Amino acid sequence: MKRHLNTSYRLVWNHITGTLVVASELARSRGKRAGVAVALSLAAVTSVPALAADKVVQAGETVNDGTLTNHDNQIVFGTANGMTISTGLELGPDSEENTGGQWIQNGGIAGNTTVTTNGRQVVLEGGAPIKLSSML
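Going by the UniProt record's numbering, the residue at position 27 of the sequence shown is 27; the numbering climbs one at a time, nothing skipped.
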């Protein structure tokens, strides 16, 4: 008769192979090393600037003149005057549009805005575009 019929097992992180392995319940695990956590947090931090590329015009703030080009976005809660939204269309292997645009939020005002080929202006409920100069 076997002496260890009711043996329990647990998962232990093997840092050499980078996997969880089955071990005796008495085995010790040190967990994943800090290098994995540091690499993941570094990847998360370096991807944040891509999200922060939007230009936000806060409520009560006024921005006069400016150009939004490829991948530039402007979110307007305040007032934006004389903006030019000029973007191109880039089709590659991933078929991703290379466009930017202006989003006018509730209470935002965009005055004298020019939208050229493939530019975008989105007005959400409560926003106000004024004198849209041209749309080609």
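Each residue gets a CB set at the ideal place from its N, CA and C atoms; glycine is no exception. Quantities reported herein were computed from a predicted structural model and do not represent experimental measurements.
{"Query": "With 16 other Cβ atoms within 10 Å as the buried cut-off, status of G108", "Result": "buried"}
{"Query": "V57 burial status per 10 Å Cβ neighbour count (16 or more: buried)", "Result": "buried"}
{"Query": "Reduced DSSP category for L24 - H, G, I as helix; E, B as strand; rest coil", "Result": "Strictly speaking, residue 24 in this sequence is Ser, with Leu absent from that position. It is a strand residue."}
{"Query": "Where G18 falls: helix, strand or coil (DSSP)", "Result": "coil"}
{"Query": "Same chain, Cβ closer than 6 angstroms to A52, neighbours up to 5 away in sequence not counted", "Result": "Here the model assigns A52 a pLDDT of 42, short of 50, so the residue's position is not dependable, and the following value carries that caveat. The answer is none, since no qualifying residue turns up."}
{"Query": "Residue span of the beta strand (DSSP E) that contains G111, given as start and end", "Result": "I109 to G111"}
{"Query": "CA nearest to the CA of G66, picked from I75, M83 and F77", "Result": "M83"}
{"Query": "Closest residue to S24 among V12, V76 and E61 (Cα-Cα distance)", "Result": "V12"}
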